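With this note's numbering applied, the sequence shown covers 12 to 162. Glycine residues also receive a C-beta, built at the ideal position from the N, C-alpha and C atoms. Since we're looking at a predicted model, the values are computed, not measured. Step one of this worksheet: look at the structure below.
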Amino acid sequence: MNFAGHVSLGCVSWLGYTALINDSFEAVVSAQTLVLMPVAIFGALLPDIDHPNSTFGRRIRPVSTVLSWFSHRGITHSIWAIAGSLYVLSAFDLSMLWIHALTIGYVSHLLGDSITPAGIKPFWPVPYRFYINPYIAIPLVVVLALIFQGA
12 MNFAGHVSLG CVSWLGYTAL INDSFEAVVS AQTLVLMPVA IFGALLPDID HPNSTFGRRI
72 RPVSTVLSWF SHRGITHSIW AIAGSLYVLS AFDLSMLWIH ALTIGYVSHL LGDSITPAGI
132 KPFWPVPYRF YINPYIAIPL VVVLALIFQG A
């Protein structure tokens with residue numbers, strides 16, 4: 012998936028999540044939702060930091076180069092990256108909505124890449140590649156949003 016696809020999927024996932032947790036569509040146009048949209052977009056682009064030519068990779072090339080040693084769609088496209096991100100974020104005094112926005116964006120990226128033929132390795136370094144039919148991926152985003160609603 013490309014830059015525009017990840018941004019779009021991150022936005023749509025964040026808006027859908029917001030509507031679900033607030034049990035109303037009106038919440039989607041709230042100031043809080045719109046302010047947190049860039050956080051969701053950041054999360055949606057962050058996994059590609061392992062590719063030196065990605066949007067983030069070009070900006071912090073030394074970090075990107077080191078992460079690329081683990082291969083593109085390696086550790087940053089795994090559940091370990093999500094868990095590590097949540098652990099690091101827990102050290103900061105952030106609103107849970109900020110953490111949710113980043114996580115929804117990140118998960119949307121992984122789902123977006125999982126509908127491409129290359130798939131992702133969710134349990135990296137285990138070489139198992141996960142590919143999901145696009146007609147299943149979209150409802151899966153909704154299910155994940157419902158799970159986060161209980162968090």
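- Cβ neighbours of residue 44 within its own chain (closer than 6 Å, five residues either side excluded): 29.
- Residue burial is scored here from C-beta neighbours: residue 131 has at least 16 other C-beta atoms within 10 angstroms and is therefore classed as buried.
- Residue environment analysis places residue 104 among the exposed positions, since fewer than 16 neighbouring C-beta atoms fall within 10 angstroms of its C-beta.
- By alpha-carbon distance to residue 32, the top candidate from 61, 21, 63, 111 is 111.
- Each of 72, 57, 56, 55 was checked against the Cα of residue 63, and the nearest Cα belongs to 72.
- When secondary structure is reduced to three states using DSSP, residue 143 falls in the coil class, being assigned neither helix nor strand.
- The region 61–127 is shown to contain whole alpha helix (DSSP H) runs of 4 or more residues at 66–70, 72–79, 90–101, 107–125, in chain order.
- Residue 93 and residue 158 have their C-alpha atoms spaced approximately 15 Å apart.
- In this structure, 126 is the residue among 140, 126, 147, 151 with its C-alpha nearest to the C-alpha of residue 13.
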